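There are 6 protein chains.
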Amino acid sequence: MILRIDKLQIELPMPKEADPDAAAVVQELLGGRFGEMSTLMNYTFQSFNFRGKKELKPFYDLIANIGAEEYGHVELVAATVNALLNGASRKEDPSQTPLAPGLKARNTHHFIVTGQGALVANSMNTPWQGDYVFNSGDLVLDLLHNFFLECGARLHKIRVYEMTSNPVAREMIGYLLVRGGVHATAYAKALEILTGVNVTKMLPIPKIENSRFPEARKYEEAGQHRKLYRFSLEDYRDIVRIWKGTHPQDGQPLEVVDGTPPGGPQLDLDEAPEASIPGFAPEELHEIAQRLLKEL
Amino acid sequence: MILRIDKLQIELPMPKEADPDAAAVVQELLGGRFGEMSTLMNYTFQSFNFRGKKELKPFYDLIANIGAEEYGHVELVAATVNALLNGASRKEDPSQTPLAPGLKARNTHHFIVTGQGALVANSMNTPWQGDYVFNSGDLVLDLLHNFFLECGARLHKIRVYEMTSNPVAREMIGYLLVRGGVHATAYAKALEILTGVNVTKMLPIPKIENSRFPEARKYEEAGQHRKLYRFSLEDYRDIVRIWKGTHPQDGQPLEVVDGTPPGGPQLDLDEAPEASIPGFAPEELHEIAQRLLKEL
Amino acid sequence: MILRIDKLQIELPMPKEADPDAAAVVQELLGGRFGEMSTLMNYTFQSFNFRGKKELKPFYDLIANIGAEEYGHVELVAATVNALLNGASRKEDPSQTPLAPGLKARNTHHFIVTGQGALVANSMNTPWQGDYVFNSGDLVLDLLHNFFLECGARLHKIRVYEMTSNPVAREMIGYLLVRGGVHATAYAKALEILTGVNVTKMLPIPKIENSRFPEARKYEEAGQHRKLYRFSLEDYRDIVRIWKGTHPQDGQPLEVVDGTPPGGPQLDLDEAPEASIPGFAPEELHEIAQRLLKEL
Amino acid sequence: MILRIDKLQIELPMPKEADPDAAAVVQELLGGRFGEMSTLMNYTFQSFNFRGKKELKPFYDLIANIGAEEYGHVELVAATVNALLNGASRKEDPSQTPLAPGLKARNTHHFIVTGQGALVANSMNTPWQGDYVFNSGDLVLDLLHNFFLECGARLHKIRVYEMTSNPVAREMIGYLLVRGGVHATAYAKALEILTGVNVTKMLPIPKIENSRFPEARKYEEAGQHRKLYRFSLEDYRDIVRIWKGTHPQDGQPLEVVDGTPPGGPQLDLDEAPEASIPGFAPEELHEIAQRLLKEL
Amino acid sequence: MILRIDKLQIELPMPKEADPDAAAVVQELLGGRFGEMSTLMNYTFQSFNFRGKKELKPFYDLIANIGAEEYGHVELVAATVNALLNGASRKEDPSQTPLAPGLKARNTHHFIVTGQGALVANSMNTPWQGDYVFNSGDLVLDLLHNFFLECGARLHKIRVYEMTSNPVAREMIGYLLVRGGVHATAYAKALEILTGVNVTKMLPIPKIENSRFPEARKYEEAGQHRKLYRFSLEDYRDIVRIWKGTHPQDGQPLEVVDGTPPGGPQLDLDEAPEASIPGFAPEELHEIAQRLLKEL
Amino acid sequence: MILRIDKLQIELPMPKEADPDAAAVVQELLGGRFGEMSTLMNYTFQSFNFRGKKELKPFYDLIANIGAEEYGHVELVAATVNALLNGASRKEDPSQTPLAPGLKARNTHHFIVTGQGALVANSMNTPWQGDYVFNSGDLVLDLLHNFFLECGARLHKIRVYEMTSNPVAREMIGYLLVRGGVHATAYAKALEILTGVNVTKMLPIPKIENSRFPEARKYEEAGQHRKLYRFSLEDYRDIVRIWKGTHPQDGQPLEVVDGTPPGGPQLDLDEAPEASIPGFAPEELHEIAQRLLKEL
């Protein structure tokens, strides 16, 4: 079970104007094979299906807990897509062409299928698919997969960063590079405990330090790369059996933090009445709001 | 963001023996177009993409909060699949045929691809896909979709119930029929507020009362069909603007309950060393456990 | 069985020049999940699979008959795509670059895979798929689905309208908005008869009147929104049991019309010899025509 | 546009008992790559997209007209699937296991997703897809495709025939083998006219005569293999420019028949109230029927 | 089994600058339904699955041997895609936007998912799929398929040629038009031997001679259209039983050539360190190279 | 380019009788995400797309060369599927039910779509897809992927071994376990050279030694696990820069062998005339054979 907290993991800036092509490209980080839907669902299902929980509880806790964090990453990328699509349609009468910008945009489904919001799809509009989840039941193999998945996800994040200088995209990517680094390191450490192989030494993959990206650097300077949040009130306490010792790159002590990061507010997204989003005239909206208040 | 609670929404019985074909069929309720992955992801993404949150906050709260409950439903169906696969392989040496039961089982991927665990796929092994998410941005249309989705999901649950008498499957379905009924009613009420049409009167669809099924009846007798849990510590309080008044079928008062249901323990799933699940000999498992404890 | 009539449901204007990106976007209304292939195939298969025809014949007749009309809608959207692609290639020798316009067009398959004609795919080139057909066998649920499908289709039509001012696209959409409105109303009325719930009151979804669009308004002014054509010589007469009374929006009497609308001619589409469409030099074409005439 | 005729192309026998595995296998002939959905949609879209209609009208007429016949073939295979699923569920209370037969059946979706009816999918439940349509715009290539498609479809029909001796399946296949033979021959003749190559001489592919199958032989003895029906009241008259001369195998004169074959009645399919098909208790069904009659 | 030869089938020119949209379009010839992956895999699997090898050995040899040539065609198209993507990213620091060209490019996956290299996908990024392989086991039908496949592939090649004048694309297409012509002719001759029908007379399909394209003409002038290479040291000698006599278009004698064409060098593709391709700084690259040499 | 050698990598026994369910399951090792099509295509495309070949030639050579070996692995698994399907149909007249065994078999497509031969699909008939190819361009990441892919492939092989005791399946798996072990070790060594991390120490994954399986043990006893074959006449010589030193498990010296393994004969697969495989009566077969000989 989960409890939701109606906040984003960080404070996200709203762009000044819509940037639909950047929105389309950022979708790769949401619904691509190496996007956040994949990290969320891989770790979540690996935790659901875990056998041998008693002896291997710290590994169960680690996977389950990182899965919980990934929910917020999906949320953050979705918020970014929404921000990039904010104001994407023109303020025109429906009988004019308020959605003309969609005709030339990379992804028409942002304009036709969603209400200028995030799709569960990648940058070429291929939907995310359940068979992106790898869960063999062999713990070493599953952890090796997770380590590889985090490294692949990191490469994709860097490349999307290199495609757009839009500040909202870069803020999100900067943060996720650091958090993804924590996860890659955590899985590497888990593998080290199980196999004795010094996997952390491989990192970072690709061999470009997070500090090269200003938006990531600031989160590292705040020590985010050494913190593993425990996304639970009561559970997953045994992650301390794995997330311990020092960071393989900077040698500073690793830390488990109880609870979520402080986070930032959900975005306040504009309505787009010309495209029936959310589908009420201002007077109707007001009236419904009044009705809801009164009727209790 | 979310906090995970390491419990199932109900107490689930473990079957005495493996039932791989039932496991295969139950997958429809997890990864089918009308399975719990669909309800989870539809409502979650509708909440991520919601525009016009200020005036329509109760609707946002409702969708976001039901989305939170659905996470636990995915978890519950996954636990059922795992329970049905518990002991599915024979305790034989790998050089014998410990996985022979898989040769005739409906879904070979339960034996080859997963560690005798849940797939993110339906009863014919088609993976769940991101384009099962409907999110037009038009609130009435999205709620109409959700109402339809819940009714379709209910039909599938009933039909899977009618296919297997396995107690773990029926316990799960009984509970979810009641909870799905709450969601269908909630969306119907939301539509009523927005359109003035008495949608709740259509229920139940299909026209078979939950009380026909003993495993559902007991949850209704406990009043579960009138409770909407608020899966959040601080947020989504405005669901009371919609979940109010009386239940359309029994006329009893509706109730918002803060927090999750009490729930039951996660299942204790057997290891299957013959298939490398989780991939350690008993002595290795013990040794790793010791090492984890010592190393802190 | 069917009899084909070699006419379009309306007279469609030919655009002055090719508009490949509009053609690509219009594909959503043909092969998208809410496109005309979906309405055609949903109702057609629901009629093929209908059980309980004796007692429920009017509902069978309604679904079967609307399915027949949808065939003409697929045809109309396909004609629109063809019209928008007419003249899309340059009149150049094959050794030059007559298909250069395709290099930058949204959908390369219009230029490589088809002969500058309609694809059975959506606006992002995802092929239409048989699992877009919903047919549970539960009549209320199937009708609820159909009602939802028509509303979703309507939203997509409006949004494509808002993306392009091309007259051929808008003429087609104007007409289909009105006809789709008839279908939504018919399914709503069927649901009212079965459940007693006043579903028609929800319409239109989205809440933008057809009359806002000049190309739809003219068809409403001609009373098209009140007519249900009976696409059969002898059958489906019981649709009058459902399509009766007055129109929920304008209060005027509903009418069943025997036979098809008068319709307009099939388009006369240009050949594109530079791309081997249809693949004969003018002299060969003439010769073949002569041979066909002579050989009888 | 089309007019529907509420009859099947032949009289189809109802099997004495359900045969769900045969139903599953017959799906290949409906929604497989070489199934009737493919022949229907290939020829239909080729006719929609035809360029150069003036000089090549007989070819347009031929493709369009065969497309019209294929609609009835889809209908016939769907009826066969329905017949094979008739009575597939047990007459038990929903709280028992009326759908237990589905647990071991090849295709669970016949029991969960449809109301024991036809899916738009193949024998392994892969949905039919729009990219099974081939339409290059080059007429010779399109006709070569159609010729190949008919031969492939013929092989699949023979192999499904060889898998099941169920009379309803064999009656349908016997008829379609003969009709498919007409189409293969027609496309071969069209190719001969265009290229001068004696394509009809290749037939039959595979090299097993229809007369080997009793259910096909009787239709050949009735001369069905020499008749091309003209599925239109007014149009497609120029098919006589191609369907003329003698049959390549038996040397008897070919014949164009105006209108459809006489056909047989639609099947009367049983309700399955235990699975909510169509979802009304007998008393409700009667009441609704009365209401519909009275309300006019 | 195979032996690889590290050469391309021809000498391929490197373009002066990147042309990502041409690269995207050329993908159709690699991973499209009619691309080289399809020809490779169709013939390869037909040879793997061949039954009746003893009596039909020349046909087995023909299919197996052409399958071997197709490997080199996939390689050649992949090299072309790589050439067209060479230099596609800007030489900027990762914190700038070196991949900005990808934001507007047809296919984002060339920039995010691959290292600016070929995808196993078509021009709309749909992945190549195993069900593009047709292999019925009926030899005439399989050969008819192969003949059709070659003609469809030829049309696609011509249309891609007509979309771009990029010399590297045209050199590759010119060569493959000629080689594809050999394969179409070979399959036509095989069909002639088996059926007595003069299939070669249909060629070329589409009816545009290779000699219309300068890049193809030069290969024909070198007699390439009359040569069938035997891609084996010891095997497939019986292709001479089919590839014999004279060329159906120019009447010159056909020839079997033992071994591969002389070919040209593999391309020397630039690194793209800004996108971590291959992921080492120049100094690291040098160091690794040294280490590899020393360590033996 | 390649040269084909018409032999299998090992001598494969023919089973005494058909075993269609084993054939269906073995498909996972051919067309599954971790099947041999994936290893073949991953390494082949990684070699096609390799940038930085000059400094990193040994890595290029390694990947290209292992890709060449994988072709033979696909061939070997395909041969196994064919062997398991040999004699799968009954020797009956087509008008009887010679394909009745297919009605209950796992995969109907072995009986309808192929000529009782291998599909390019997995054990649930999902086609292999081009997006199973991972090729980021970052060499460390690509090698990490390859290492993970080999380990996943190994797990699937072991599990299929555990599902069936059919000797042909086990012979093939035994051999491929050993060869896959070579590849996993080779990629591990490549990673060690590039990163300094002792990756080979992780092996084997899963932690079940090949020697546990008699069919694998015999190949290890013959030293196959220490040999890397060089599948080229002239190229890929620099694999010795990586495949050197001693085997991480047994400490014996590693060896590069020029050329392929000696291999065994292609299987002699039975015809199945009842299903038109290959589609000629014995007298026709003989006649064609004679004609081919004479006509030269």
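Protein chains in written order, with the numbering used here: chain A, 23 to 318; chain B, 23 to 318; chain C, 23 to 318; chain D, 23 to 318; chain E, 23 to 318; chain F, 23 to 318. Just so you know, even glycine gets a beta-carbon here, dropped at the ideal spot from N, CA and C. Quick caveat, the model's predicted, so the values are computed rather than measured.
The alpha carbon of A/I261 has as its nearest neighbour, out of A/I85, A/V47 and A/A110, the alpha carbon of A/I85. Residues are counted here when their Cβ sits less than 7 Å from a Cβ of chain B; for the region 168-202 of chain F these are L177, H178, I180, R181, V182, E184, M185, T186 and S187, given in chain order. Proximity of D/V103 to chain B, defined by a Cβ-Cβ separation below 9 Å, is not satisfied.
DSSP places D/L289 in no alpha helix (DSSP H); its state is neither H nor E.
Between B/V155 and B/F67 the beta-carbon gap is near 5 Å, inside 8 Å, which marks them as a contact. Excluding residues up to 5 positions away in sequence, G174, A175 and H178 lie with their Cβ nearer than 6 Å to the Cβ of F/F56 in the same chain. By the beta-carbon neighbour count (other beta carbons within 10 angstroms, threshold 16), E/T268 is exposed.
Look at B/Q118: its C-beta is under 9 Å from a C-beta on chain F. Look at B/M36: its C-beta is not under 9 Å from any C-beta on chain C. At a cut-off of 9 Å between beta-carbon atoms, F/K113 makes no contact with chain D. For secondary structure counted as the alpha helix (DSSP H) over 4 or more consecutive residues, the region 70-117 of chain A holds these complete runs in sequence order: 79-107. DSSP, read as helix, strand or coil, puts E/V47 in helix.
Legend: CB atoms of the region 229-257 of chain A lying less than 8 Å from CB atoms of chain E belong to residues K229, I230, R234, F235 and P236. Counting along the chain, C/E237 sits inside no beta strand (DSSP E); it lies in the alpha helix (DSSP H) bounded by residues P236 to E243. In the assembly as shown, B/Q31 is a buried residue. Its beta-carbon has 16 or more other beta-carbons within 10 Å. At the C-beta level, C/G74 and C/V142 stay beyond 9 Å of one another. The alpha-carbon of A/L165 is positioned some 27 Å away from that of B/P123. Residue-level contact by beta carbon fails for E/K211 and chain D, as no gap is shorter than 9 Å.
Using a CB distance below 9 Å, the part of the region 121-137 of chain B facing chain F consists of L121, A122, P123, G124, L125, K126, N129, T130, H131, F133, I134 and V135, ordered along the chain.
Per DSSP, F/E39 lies in no beta strand (DSSP E) and is assigned neither H nor E.
D/Q271 has a beta carbon lying at 9 Å or more from every beta carbon in chain C. Interface residue (Cβ-Cβ distance to chain E less than 9 Å): A/E306 is not classified as such. With a cutoff of 9 Å on beta-carbon distance, D/Y241 and D/Y197 are scored as near each other. Under a criterion of Cβ atoms nearer than 7 Å, the residues of chain C adjacent to A/A297 are, in order, R181 and E184. Distances from the alpha-carbon of F/D160 to those of E/E309, E/P304 and E/P300 put E/P300 closest. For the pair E/E77 and E/I230, the Cα-to-Cα distance works out to about 37 Å. By the 16-neighbour rule on beta-carbons within 10 angstroms, E/Q312 is exposed. Bounds of any alpha helix (DSSP H) do not take in D/E277; it lies within the beta strand (DSSP E) bounded by E277 to D280. Taking the Cβ atoms as the reference, D/R263 lies roughly 22 Å from C/L289, outside the contact range of under 8 Å.
With its beta carbon at least 9 Å from every one in chain E, C/N108 lies outside the interface. Within the region 138-168 of chain C, those residues whose Cβ lies closer than 8 Å to any Cβ of chain A are, in chain order, S145, M146 and T148. For the region 44-78 of chain D, the set of positions with a beta-carbon nearer than 9 Å to some beta-carbon of chain E reads R55 in chain order. Approximately 4 Å separates the beta-carbon atoms of D/M23 and C/I27; this is inside 8 Å, confirming the contact. Between E/A303 and chain A, the shortest Cβ-Cβ separation is below 9 Å.
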